[in-house]
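Input: a single structure, listed below in structure tokens.
4 protein chains.
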Amino acid sequence: MQFLSDNAASVHPEVWDAMRAADEADAPYDGDSLSASLDEKMTALFGRESAVLWVATGTAANCLALATMVPPHGGVVCHEEAHIEMDECGAPGFYLHGAKLLLGKGEGAKLDPDGIREVVDPIRDDVHQVQPFAISITQASEYGRAYRPEELAAIRALADERGLGLHMDGARFGNAAAFLDLPASDVAGPVDALSFGFVKNGAMSAEAIVFFDEALADVARYRRKRAGHLQSKGRYLAAQIHAMLDGDLWLANARAANAAAAEIAGACGERLMHPVEANELFVRCTAAERETLRSRGFGFYDWGSDAARFVTAWNTREKDARALAKAVADL
Amino acid sequence: MQFLSDNAASVHPEVWDAMRAADEADAPYDGDSLSASLDEKMTALFGRESAVLWVATGTAANCLALATMVPPHGGVVCHEEAHIEMDECGAPGFYLHGAKLLLGKGEGAKLDPDGIREVVDPIRDDVHQVQPFAISITQASEYGRAYRPEELAAIRALADERGLGLHMDGARFGNAAAFLDLPASDVAGPVDALSFGFVKNGAMSAEAIVFFDEALADVARYRRKRAGHLQSKGRYLAAQIHAMLDGDLWLANARAANAAAAEIAGACGERLMHPVEANELFVRCTAAERETLRSRGFGFYDWGSDAARFVTAWNTREKDARALAKAVADL
Amino acid sequence: MQFLSDNAASVHPEVWDAMRAADEADAPYDGDSLSASLDEKMTALFGRESAVLWVATGTAANCLALATMVPPHGGVVCHEEAHIEMDECGAPGFYLHGAKLLLGKGEGAKLDPDGIREVVDPIRDDVHQVQPFAISITQASEYGRAYRPEELAAIRALADERGLGLHMDGARFGNAAAFLDLPASDVAGPVDALSFGFVKNGAMSAEAIVFFDEALADVARYRRKRAGHLQSKGRYLAAQIHAMLDGDLWLANARAANAAAAEIAGACGERLMHPVEANELFVRCTAAERETLRSRGFGFYDWGSDAARFVTAWNTREKDARALAKAVADL
Amino acid sequence: MQFLSDNAASVHPEVWDAMRAADEADAPYDGDSLSASLDEKMTALFGRESAVLWVATGTAANCLALATMVPPHGGVVCHEEAHIEMDECGAPGFYLHGAKLLLGKGEGAKLDPDGIREVVDPIRDDVHQVQPFAISITQASEYGRAYRPEELAAIRALADERGLGLHMDGARFGNAAAFLDLPASDVAGPVDALSFGFVKNGAMSAEAIVFFDEALADVARYRRKRAGHLQSKGRYLAAQIHAMLDGDLWLANARAANAAAAEIAGACGERLMHPVEANELFVRCTAAERETLRSRGFGFYDWGSDAARFVTAWNTREKDARALAKAVADL
């Protein structure tokens with residue numbers, strides 16, 4: 021009964037089928053027809069002209085997207101607990117050639133205009149300080165919180181006022197969409213580029229960078245090759261994304277994961293550190309309580325010394341979720 | 021009848037099977053048992069302590085390997101037609117933070133000690149010039165030529181004399197091994213790191229960086245994450261490599277590709293620009309002749325204005341190879 | 021009556037004389053006899069084998085020093101108000117190729133072992149997080165506070181325990197030495213490299229990077245050239261440093277600046293935000309009070325909305341210091 | 021009798037006077053009035069709106085200029101013997117974050133449209149190859165050859181056709197201007213940015229980057245700080261440049277150096293490897309002949325095994341030039 025992370029879950033059968041169907045030899049790299057038709061499918065989904073690049077990881081997606089908006093001497097405003105700050109081994113520093121992450125605060129690992137202003141307003145407009153060029157937000161956030169459309173609009177307005185690009189890390193975009201129950205266009209809001217995650221949601225190795233500005237995509241294509249992320253047989257990545265989009269598998273999978281999380285959340289009561297809006301639960305519990313849970317067969321990570329993190333996935337079994345709920349209630 | 025490249029060929033059935041078998045949830049990233057057992061398998065294959073990192077592309081493999089040997093202010097000696105110089109969009113400049121490729125000459129895109137000395141000897145030992153830190157060679161070379169063990173030994177001796185690291189780009193390592201008919205250890209020779217290619221040889225998206233020096237691997241692990249190449253579900257990459265190694269599938273596949281190339285080579289006579297030692301043929305022919313071949317259904321790239329490049333793959337059908345041989349003979 | 025900064029003060033007459041005396045043509049770059057004899061002079065001063073490189077700015081000195089200790093995927097622990105974090109436009113990100121500053125807290129912009137542990141202890145020892153490779157401290161600190169020898173020893177002990185390099189930004193090293201009234205060796209303590217500042221202290225354009233480890237200096241020589249900091253006529257920089265060291269001009273100048281600061285500090289009482297140990301004063305005062313001071317002819321920077329920063333220099337006139345002291349007392 | 025290089029020559033008395041006159045305290049960095057008035061003076065000289073940044077070295081000037089035109093994934097076309105390729109320790113790779121130098125051929129280390137086309141035409145317009153973004157030429161070239169206005173116009177036309185920026189390394193711009201006897205505007209021609217060298221021509225430590233496009237200068241100002249090249253007391257650099265421009269000292273100095281070179285050239289006859297258009301002479305002579313010259317007191321560098329390089333400077337004494345001329349004639 022594994023609640024360690026959604027990033028090790030198995031691959032969805034429809035994704036396997038799509039990959040196998042791509043076996044027929046075709047053009048190398050991204051010259052194949054599956055890769056070529058991603059733009060159209062994403063344009064339909066988001067209702068905005070979209071240029072799509074596949075890559076193998078969210079780290080690559082985030083960094084390639086940001087590299088199109090931020091020069092080496094610039095900065096990116098992000099939350100101090102953002103994945104790009106905490107868990108990518110300095111990848112933004114590598115891809116952006118030393119550009120700086122400018123760290124903001126905000127409840128639930130979400131930024132808001134006030135939090136962003138607290139970061140950018142004190143920056144002197146002189147050459148001694150790194151100037152901001154973009155904002156990066158995470159949907160759902162690192163604590164599983166979803167940005168509402170009006171929140172996204174407010175951030176966009178501030179970005180426009182300051183001339184900043186806007187990027188969304190959507191490693192769990194599907195979970196946010198499932199929770200908000202809104203069209204993808206509202207979940208992404210008016211961002212310039214979206215790292216649309218599929219690996220945590222049933223794919224094997226394909227994430228999409230969706231650019232809503234073709235000029236940015238043009239740059240990213242060179243950067244992707246230069247980063248060794250232009251795979252020879254890109255059609256297998258494109259096939260995964262098609263499978264996830266077709267019939268809204270991405271939504272169905274995310275709904276399943278969210279439902280499992282909701283099941284568990286119902287048993288956590290006051291223990292919850294954050295409202296559960298996606299598929300992650302941060303649950304206060306003592307070391308002894310964690311020991312109890314582990315002895316009963318549940319796998320999860322400690323979250324600091326006084327809490328545990330549980331993550332559900334597209335394939336979390338209902339009975340496992342119920343069992344965990346019960347076990348937490350029993351503590 | 022496709023002879024464009026081996027890098028778009030389909031995935032071998034045994035590789036598919038191995039990937040499917042890896043579906044069972046396991047640890048994320050490279051914490052799984054398949055990833056963990058690669059070191060042992062490669063150690064057995066090469067007869068030297070090996071530390072293995074999987075990545076998705078040869079570009080990433082080459083650059084991550086070199087980044088462990090060369091500081092940003094250093095240089096890498098390579099052939100002027102090496103893949104890292106010609107076809108990686110400056111990836112070495114990115115991964116090595118501006119380190120310089122120092123270009124040498126040599127027949128068949130192979131370097132030899134004299135060619136290397138021509139590059140490094142004129143470099144003044146002062147701070148105004150980039151100093152060499154490593155040599156990179158390609159096995160088989162960009163013109164499909166294989167380094168013999170004694171050639172590798174001679175390059176190693178020079179590298180040691182000058183204190184240089186030695187890297188091998190083995191995008192078509194299997195084809196070289198099949199041609200030389202020698203143990204893998206002799207085909208790799210005394211290099212410090214090998215980019216062991218599988219994608220052109222029947223895998224989907226897995227290349228191995230084999231380090232014969234654990235200290236280099238330690239650095240590469242951080243660099244891989246930082247480059248966004250540490251995939252969440254790395255077990256699917258490890259599974260591909262296991263499938264390729266088990267029962268020497270990598271050799272069988274390479275032999276098949278080489279045999280198809282040899283079949284065609286037999287018909288090319290004086291047209292051959294380079295002896296055919298692997299699965300690539302560079303064949304002199306006029307534009308009109310190329311037109312003729314294309315009209316007969318053969319796909320391939322022009323090589324400059326007076327030649328064509330044909331590449332066979334693990335799945336090239338014998339009848340297609342024979343057909344091309346006949347078509348060339350008929351010209 | 022200028023108290024804006026010490027970094028615009030005029031050049032000391034003895035420095036001018038030394039530069040003029042260097043006019044006689046000699047070897048280019050750092051091949052001249054003045055550059056060559058810096059090692060010996062610094063070795064005598066610090067009582068440790070020293071390898072010295074001149075550069076034109078403190079930013080270059082800091083970054084070149086750190087670049088010898090920290091790989092691109094590494095991190096540098098520094099205070100959150102350190103100059104390298106706040107006022108160098110991301111230069112460490114440039115010189116260290118995206119390495120990360122790991123920000124600590126501490127009174128008076130000084131780090132101590134506890135503050136450093138708070139930064140490094142939570143870093144997971146895995147490839148997802150940037151690992152620390154060095155510590156950088158500022159002597160005197162950005163708030164004009166001096167590290168005592170025992171404080172330096174404690175930081176060194178921690179650095180050794182964790183395998184970290186130790187760098188000192190000594191932009192105002194002279195002011196710290198003048199305050200502590202200890203030998204230079206005690207003021208630098210057991211650091212691996214010191215950015216020994218002279219520009220704020222009477223020189224024109226020369227700072228010294230003093231390496232106490234020849235291997236680091238060897239790397240820095242290439243990096244300096246590569247950064248465009250190896251000046252053609254380096255003897256003019258070396259001459260400045262010699263002039264500053266000869267007869268301990270650096271100490272005399274720093275004492276003069278400190279004395280002026282002490283004079284003013286005596287009048288500030290409770291207004292002082294930090295004890296005055298060097299040549300900077302951070303003085304609480306309202307906007308109206310600052311207006312009053314400015315109307316009386318004093319130049320200085322606001323420090324936030326409720327304070328002013330006054331900096332004295334080697335050439336601050338005693339009467340100006342007295343005048344400012346009186347003006348503050350009169351508020 | 022030193023003919024090693026012009027880059028170690030003494031500082032011109034008028035430059036000293038100007039520096040001393042700048043001693044009066046003023047604003048730090050480039051906030052002073054001398055720095056501020058450089059734009060106007062260069063605008064007058066070149067007859068084009070000019071934005072000027074001082075830096076300490078030609079390497080920094082070249083690299084900061086190019087960094088404004090070329091993204092990290094781009095390339096710079098330059099001559100294979102250009103200073104940026106041969107003698108800057110990979111500085112372009114550092115400042116341009118791994119961008120690539122694309123090497124062309126051309127007589128006398130000069131590029132022409134055909135030579136440039138030979139470099140850029142074979143570059144496939146795909147993401148696998150580094151695309152050119154700028155051209156860099158050297159006036160006078162590394163072999164002391166001057167570009168004529170019509171040659172510059174032709175290169176500009178090609179640059180425009182291909183959408184490339186155009187940079188001029190003018191380390192010896194004065195020598196080219198003195199030779200061509202044309203207005204500065206014709207000597208620079210229609211470039212986007214000029215590294216206007218003064219250090220080899222009588223200054224101590226100041227070179228100017230002259231941008232003819234304010235947008236490029238805006239970027240360069242941040243990059244300069246970030247590279248540690250924004251000196252605290254920039255007025256001393258600005259003063260040097262003013263002194264060099266006032267009364268056309270830069271031209272007078274260059275004429276003196278050129279005259280000395282011409283004197284020597286007159287004695288070299290067939291020994292000259294390149295026509296002498298500036299202040300450098302490349303003279304065929306045997307090792308024995310070089311030994312003879314050295315034994316007679318002349319200092320110079322070997323140029324390969326069969327030649328010597330002599331460089332004159334603004335302060336080369338007429339009698340020394342005559343003596344060298346005679347000594348060469350006597351060989």
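Protein chains in written order, with the working numbering: chain L, 21 to 351; chain S, 21 to 351; chain B, 21 to 351; chain C, 21 to 351. Each residue gets a CB set at the ideal place from its N, CA and C atoms; glycine is no exception.
Requested in this report: Work out the CA separation of L269/C and A276/C for me, nearest whole Å.
Outcome: If you number the fourth sequence from 1, residue 276/C lands on position 256. If you number the fourth sequence from 1, residue 269/C lands on position 249. For A276/C and L269/C, the distance between alpha carbons rounds to 11 Å.
Query raised in the report: What three-state label does DSSP hand P112/L in the structure shown?
Result: Residue mapping note: residue 112/L aligns to position 92 of the first sequence, counting from 1. Three-state result, P112/L: helix.
Report task. Please name the residue in Y115/S, L84/S, K125/S whose C-alpha comes closest to that of C98/S. Result -> Counted from its first residue, the second sequence places residue 98/S at position 78. Among Y115/S, L84/S, K125/S, the Cα nearest to that of C98/S belongs to K125/S.
Report task. Please work out which residues of its chain come closer than 6 Å, Cβ to Cβ, to K130/L, disregarding the five sequence neighbours upstream and downstream, and give them in chain order. Result -> For this step, residue 130/L is matched to residue 110 along the first sequence. If we look at K130/L and ignore the five residues flanking it on each side, its Cβ neighbours are S161, R165.
Query raised in the report: Which same chain residues, not among the five before or five after M304/L, have their C-beta less than 7 Å away from its C-beta?
Result: The residue labelled residue 304/L in the question sits at position 284 within the first sequence. In the sequence on display, residue 304/L carries Arg and not Met. Cβ neighbours of R304/L beyond the five flanking positions: R291, M293, D326, A327.
Query raised in the report: So does N335/S have its beta carbon nearer than 7 Å to some heavy atom of the ligand COA?
Result: Judged by which ligands are present, the structure shown has none, so any question about the ligand COA falls away.
Query - S215/L classed as buried or exposed, judged by whether at least 16 other C-beta atoms fall within 10 angstroms - result: Locating residue 215/L in the first sequence gives position 195, where the first residue counts as 1. Result: buried.
**Report entry** C-alpha distance - P48/L paired with E170/S, whole-angstrom precision
**Finding:** Taking the first sequence and counting its residues from 1, the one referred to as residue 48/L is at position 28. Taking the second sequence and counting its residues from 1, the one referred to as residue 170/S is at position 150. Between P48/L and E170/S, the C-alpha separation is close to 35 Å.
Query raised in the report: With contact counted as at least three CB pairs below 8 Å, one residue from each stretch, are the stretch 245-258 of chain C and the stretch 49-65 of chain C in contact?
Result: yes
Requested in this report: Leaving aside the five residues before and after G317/L along the sequence, list all residues of the same chain whose C-beta is less than 6 Å from its C-beta, in chain order.
Outcome: Translated into the one-based positions of the first sequence, residue 317/L becomes position 297. Closer than 6 Å at the Cβ level, and outside the excluded window around G317/L, lie M21.
Query - Boundaries of the beta strand (DSSP E) in which K120/B is found, first to last residue - result: The sequence position of residue 120/B within the third sequence is 100, counting from 1. Start and end: 120-124.
Query raised in the report: Using a C-beta to C-beta distance shorter than 9 Å, which residues of chain B count as neighbours of L202/S?
Result: Sequence index remark: in the second sequence, residue 202/S carries index 182 (1-based). Residues of chain B passing the Cβ test: none, with the nearest at roughly 35 Å.
Query raised in the report: In chain order, what residues of the same chain have a beta carbon less than 7 Å from the beta carbon of R342/C, not counting five sequence neighbours either side?
Result: On the fourth sequence, position 322 is the one that residue 342/C refers to. Taken in chain order, the residues that qualify are E283.
**Report entry** Listed by chain order, chain L residues near C109/B by CB distance under 8 Å
**Finding:** Walking along the third sequence from the start, residue 109/B turns up at place 89. Simply H93, V147, H148, Q149, V150.
Query raised in the report: So, does the CB of K346/B fall closer than 8 Å to a CB anywhere in chain S?
Result: Taking the third sequence and counting its residues from 1, the one referred to as residue 346/B is at position 326. False, the Cβ-Cβ gap to chain S never drops below 8 Å.
Query - Residue range of the unbroken alpha helix (DSSP H) whose run includes W36/L - result: Taking the first sequence and counting its residues from 1, the one referred to as residue 36/L is at position 16. 33-41 is the span of the alpha helix (DSSP H), which, as asked, contains W36/L.
**Report entry** Interface positions of the stretch 118-130 of chain B facing chain L (Cβ-Cβ less than 8 Å), listed along the chain
**Finding:** G118, A119, K120
Query raised in the report: For the stretch 108-116 of chain S against the stretch 196-216 of chain B, are there 3 or more C-beta pairs whose distance is under 8 Å?
Result: no
Requested in this report: Under 8 Å by Cβ, that's how I've got F231/C and S57/C pegged, so tell me the actual separation to the nearest angstrom.
Outcome: By 1-based counting over the fourth sequence, the position of residue 231/C is 211. By 1-based counting over the fourth sequence, the position of residue 57/C is 37. Contact doesn't hold; Cβ gap of about 16 Å is too wide.
Report task. Tell me, please, which residues DSSP counts as bridged to V96/L. Result -> The residue you call residue 96/L lines up with position 76 of the first sequence. Answer by DSSP bridge pairing, in chain order: L121/L, A154/L.
Query raised in the report: Taking 8 Å as the CB-CB cut-off, is R246/B touching chain S?
Result: Position 226 of the third sequence, counted from the start, is the residue given in the question as residue 246/B. For R246/B, the answer is yes, since a Cβ of chain S falls inside 8 Å of its Cβ.
**Report entry** beta strand (DSSP E) runs contained entirely in the stretch 149-231 of chain B, provided each spans 3 or more residues
**Finding:** 151-158, 185-190, 213-216, 227-231
Query raised in the report: Comparing the C-beta of G185/L with each C-beta of chain B, is any distance below 8 Å?
Result: As a position in the first sequence, residue 185/L is number 165, starting the count at 1. No, G185/L does not count as interfacial toward chain B.
Query raised in the report: Ordered along the chain, which non-local residues of its own chain (more than five positions away) have a Cβ less than 6 Å from that of R243/L?
Result: Here residue 243/L is taken as the residue at index 223 of the first sequence, counted from 1. The residues are L84, A87.
**Report entry** Whole runs of the alpha helix (DSSP H) within the stretch 253-310 of chain B, excluding any shorter than 4 residues
**Finding:** 255-265, 269-285
**Report entry** Near-chain L residues of the stretch 284-308 of chain C - C-beta to any C-beta below 7 Å
**Finding:** none
Query raised in the report: If contact means a Cβ-Cβ distance below 8 Å, which residues of the stretch 227-246 of chain C contact chain B?
Result: Y242, K245, R246
Requested in this report: Would you give the residue range spanned by the beta strand (DSSP E) that L73/B belongs to?
Outcome: On the third sequence, position 53 is the one that residue 73/B refers to. 71-75 is the extent of the beta strand (DSSP E) around L73/B.
Query raised in the report: Expressed to the nearest angstrom, what Euclidean distance is found between the alpha-carbon atoms of M89/S and D145/C?
Result: In the second sequence, the residue the question calls residue 89/S occupies position 69. In the fourth sequence, the residue the question calls residue 145/C occupies position 125. When rounded, the distance between both Cα atoms is 31 Å.
Query - Cutoff 8 Å: L250/S Cβ touching any chain B Cβ - result: Locating residue 250/S in the second sequence gives position 230, counting from the first residue. By this cut-off, L250/S is an interface position.
Query raised in the report: In the structure shown, what three-state DSSP assignment does R329/L receive?
Result: In the first sequence, the residue the question calls residue 329/L occupies position 309. The answer is strand: DSSP assigns R329/L an E or B state.
**Report entry** Distance, A196/B Cα to S271/B Cα
**Finding:** For the purposes of this step, residue 271/B is identified with residue 251 of the third sequence, where counting begins at 1. For the purposes of this step, residue 196/B is identified with residue 176 of the third sequence, where counting begins at 1. For the record, residue 271/B in the displayed sequence is Leu; it is not Ser. Looking at the two C-alpha atoms, the distance is approximately 10 Å.
Query raised in the report: Which of the three DSSP states, helix, strand or coil, is assigned to G319/L?
Result: Taking the first residue of the first sequence as position 1, residue 319/L is located at position 299. In this structure, G319/L counts as strand in the three-state DSSP scheme.
Query raised in the report: At least one CB of chain L closer than 8 Å to the CB of M21/S: is that the case?
Result: The residue you call residue 21/S lines up with position 1 of the second sequence. Taking Cβ atoms only, chain L never reaches closer than 8 Å to M21/S, which makes this a no.
Report task. Compute the distance between the beta-carbons of L184/C and P152/C, then report whether it is under 8 Å. Result -> If you number the fourth sequence from 1, residue 184/C lands on position 164. If you number the fourth sequence from 1, residue 152/C lands on position 132. Taking 8 Å as the Cβ cut-off, L184/C and P152/C qualify as a contacting pair.
Query - CA nearest to the CA of R68/S, picked from E309/S, A213/S, N299/S, F302/S - result: Position 48 of the second sequence, counted from the first residue, corresponds to residue 68/S. Of the candidates E309/S, A213/S, N299/S, F302/S, the one whose C-alpha sits nearest the C-alpha of R68/S is A213/S.
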